[in-house]
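Participant: Questions regarding the structure given below will be posed in turn.
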Amino acid sequence: GAVVSQHPSWVICKSGTSVKIECRSLDFQATTMFWYRQFPKQSLMLMATSNEGSKATYEQGVEKDKFLINHASLTLSTLTVTSAHPEDSSFYICSAIRLVNEQFFGPGTRLTVL
Amino acid sequence: QQQVKQSPQSLIVQKGGISIINCAYENTAFDYFPWYQQFPGKGPALLIAIRPDVSEKKEGRFTISFNKSAKQFSLHIMDSQPGDSATYFCAASNSRRTDSWGKLQFGAGTQVVVTP
Chain A
190 GAVVSQHPSW VICKSGTSVK IECRSLDFQA TTMFWYRQFP KQSLMLMATS NEGSKATYEQ
250 GVEKDKFLIN HASLTLSTLT VTSAHPEDSS FYICSAIRLV NEQFFGPGTR LTVL
Chain B
2 QQQVKQSPQS LIVQKGGISI INCAYENTAF DYFPWYQQFP GKGPALLIAI RPDVSEKKEG
62 RFTISFNKSA KQFSLHIMDS QPGDSATYFC AASNSRRTDS WGKLQFGAGT QVVVTP
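In order, the protein sequences belong to chains A and B. In case it helps, our numbering puts the first sequence at residues 190 to 303. In case it helps, our numbering puts the second sequence at residues 2 to 117.
Right, here's the structure in full:
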């Protein structure tokens, strides 16, 4: 299967700071990547669609100024959580599309905001 | 409103038994139905997927059954093993709609526990 990596795998930060999470497709090019967040024992919640070379499309209710997404190349998308607060603590997961509908997920990033 | 409804919420099965998870959808435009397996603290992994022109797909111990008229699909895990203990998510997407291309609608998930 296709490989998608995320970095870091976990991060702890102080309230008010910004955190950047990287998502890379290692063995294929992905024009489209997605960012999800997942709370304990819940399903994945789509936050935004990241398209290479264009602005991200955010789902309803997701603050685009708080969750900055940049899709700089066909293998890299980044999510920056700006001015993080404890309520932003969650498990953030990215995914990348290899072929039509084939979506592969990264291992996730656990964010804890103190 | 959840577009894909998944049941049961949790499932306990003995080693060697069959685990069955069901999903139902309303949107007839969905044309791709994957199942994902997720272990604690990890990202979901694609397990198996089916398109509506096929009624069944089997890969090893995992089988998807698809009923287009009933708008339902299910995952069967044969000869369940303790290593299969995980959370399973069904999903659906519409590959023809350009403004939602690739977007997956997830079910709520089923936590499967396989006892030794």
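Backbone N, C-alpha and C fix where the C-beta goes; we use that ideal spot for every residue, glycine too.
(1) Can at least three beta-carbon pairs, one atom from the stretch 281–300 of chain A and one from the stretch 30–45 of chain B, be found at a separation below 8 angstroms?
(2) Going along the stretch 231–256 of chain A in order, which residues come within less than 8 angstroms of chain B, judged by CB to CB distance?
(3) Please confirm whether residue 207 of chain A and residue 266 of chain A have their CB atoms less than 8 angstroms apart.
(4) Step through the CB atoms of chain A and report whether any lies within less than 8 angstroms of the CB of residue 33 of chain B.
(5) With H, G and I counted as helix, E and B as strand and the rest as coil, what does DSSP make of residue 35 of chain B?
(6) Have a look at the DSSP bridge pairing and note the partners of residue 116 of chain B.
(7) Is the Cβ-Cβ distance between residue 88 of chain B and residue 108 of chain B less than 8 angstroms?
(8) Is it right to say residue 228 of chain A is buried, meaning 16 or more other beta carbons lie within 10 angstroms of its own, or is it exposed?
(9) Strictly under 8 angstroms for the Cβ-Cβ distance: is residue 47 of chain B near chain A by that measure?
(10) Mind pulling the chain B residues with CB within less than 9 angstroms of residue 264 of chain A?
(11) Does residue 248 of chain A come out as helix, strand or coil in the three-state DSSP assignment?
(12) What's the C-alpha gap between residue 64 of chain B and residue 198 of chain A?
(13) By a C-beta neighbour count over all protein chains shown, 10 Å radius and 16 as the cutoff for buried, is residue 83 of chain B buried or exposed?
(14) Could you give the distance in angstroms between the alpha-carbon of residue 236 of chain A and the alpha-carbon of residue 80 of chain B?
(15) For residue 6 of chain B, would you say it is in contact with chain A, using Cβ-to-Cβ distances shorter than 8 angstroms as the test?
(16) Compare the C-beta of residue 282 of chain A with all C-beta atoms of chain B and state if any pair is closer than 8 angstroms.
(17) Which word fits residue 268 of chain A, buried or exposed, when buried means at least 16 other C-beta atoms lie within 10 angstroms of its C-beta?
(18) Residues of chain A with CB closer than 8 angstroms to the CB of residue 84 of chain B, please, in chain order.
(19) Whose C-alpha, out of B:61, B:52, B:10, is nearest the C-alpha of residue 230 of chain A?
(20) Out of B:12, B:19, B:24, state which residue places its alpha-carbon closest to the alpha-carbon of residue 73 of chain B.
(21) Consider the Cβ of residue 90 of chain B: report whether some Cβ of chain A lies at a distance smaller than 8 angstroms.
(22) Any idea what DSSP makes of residue 276 of chain A, helix, strand or coil?
Facilitator: Taking the coordinates as given:
(1) Three or more beta-carbon pairs drawn from the stretch 281–300 of chain A and the stretch 30–45 of chain B are found closer than 8 angstroms, and the two stretches are therefore classed as touching.
(2) When CB distances to chain B are screened at a threshold of 8 angstroms, the residues of the stretch 231–256 of chain A falling below it are 231, 232, 233, 235, 238, in chain order.
(3) Taking the first sequence and counting its residues from 1, the one referred to as residue 207 of chain A is at position 18. Taking the first sequence and counting its residues from 1, the one referred to as residue 266 of chain A is at position 77. When the beta-carbon positions are compared, residue 207 of chain A and residue 266 of chain A stay at least 8 angstroms from each other.
(4) Taking the second sequence and counting its residues from 1, the one referred to as residue 33 of chain B is at position 32. It does; some Cβ of chain A falls within 8 angstroms.
(5) In the second sequence, the residue the question calls residue 35 of chain B occupies position 34. DSSP, read as helix, strand or coil, puts residue 35 of chain B in strand.
(6) Stepping through the second sequence from its first residue, residue 116 of chain B is reached at position 115. Residue 116 of chain B is bridged by DSSP to B:15.
(7) What you label residue 88 of chain B is simply residue 87 of the second sequence in a count that begins at 1. What you label residue 108 of chain B is simply residue 107 of the second sequence in a count that begins at 1. Result no, Cβ atoms of residue 88 of chain B and residue 108 of chain B do not sit closer than 8 angstroms.
(8) Position 39 of the first sequence, counted from the start, is the residue given in the question as residue 228 of chain A. That one is exposed.
(9) Within the second sequence, the letter at position 46 stands for residue 47 of chain B. Residue-level contact check: residue 47 of chain B touches chain A, since one or more beta carbons of chain A fall below 8 angstroms from its beta carbon.
(10) Position 75 of the first sequence, counting from 1, holds the residue named residue 264 of chain A. The contacting residues do not exist; residue 264 of chain A stays about 17 angstroms from chain B at best.
(11) Here residue 248 of chain A refers to the residue found at position 59 of the first sequence. Residue 248 of chain A: coil per DSSP, three-state reduction.
(12) Residue numbering aside, residue 64 of chain B sits at position 63 when the second sequence is read from its first letter. Residue numbering aside, residue 198 of chain A sits at position 9 when the first sequence is read from its first letter. Rounded to the nearest angstrom, the gap between the Cα atoms of residue 64 of chain B and residue 198 of chain A is 32 angstroms.
(13) Residue 83 of chain B sits at position 82 when you count from the first residue of the second sequence. Label assigned to residue 83 of chain B: exposed.
(14) Here residue 236 of chain A corresponds to residue number 47 of the first sequence, with the count starting at 1. Here residue 80 of chain B corresponds to residue number 79 of the second sequence, with the count starting at 1. Approximately 36 angstroms, taken between the alpha carbons.
(15) On the second sequence, position 5 is the one that residue 6 of chain B refers to. Under the Cβ distance rule, residue 6 of chain B does not count among the residues neighbouring chain A, no pair being separated by less than 8 angstroms.
(16) Taking the first sequence and counting its residues from 1, one reaches residue 282 of chain A at position 93. Closer than 8 angstroms to some Cβ of chain B, the Cβ of residue 282 of chain A qualifies, so yes.
(17) Walking along the first sequence from the start, residue 268 of chain A turns up at place 79. So residue 268 of chain A ends up on the buried side.
(18) Position 83 of the second sequence holds residue 84 of chain B. Within chain A, no residue comes near residue 84 of chain B; the closest Cβ sits about 18 angstroms away, beyond 8 angstroms.
(19) If you number the first sequence from 1, residue 230 of chain A lands on position 41. Considering only alpha carbons, the answer is B:10.
(20) For the purposes of this step, residue 73 of chain B is taken as the residue at position 72 of the second sequence. Among B:12, B:19, B:24, the Cα nearest to that of residue 73 of chain B is on B:24.
(21) As a first step, residue 90 of chain B is located in the second sequence; it is residue number 89 there, counting from the start. So, interface residue.
(22) As a position in the first sequence, residue 276 of chain A is number 87, starting the count at 1. Residue 276 of chain A: helix per DSSP, three-state reduction.
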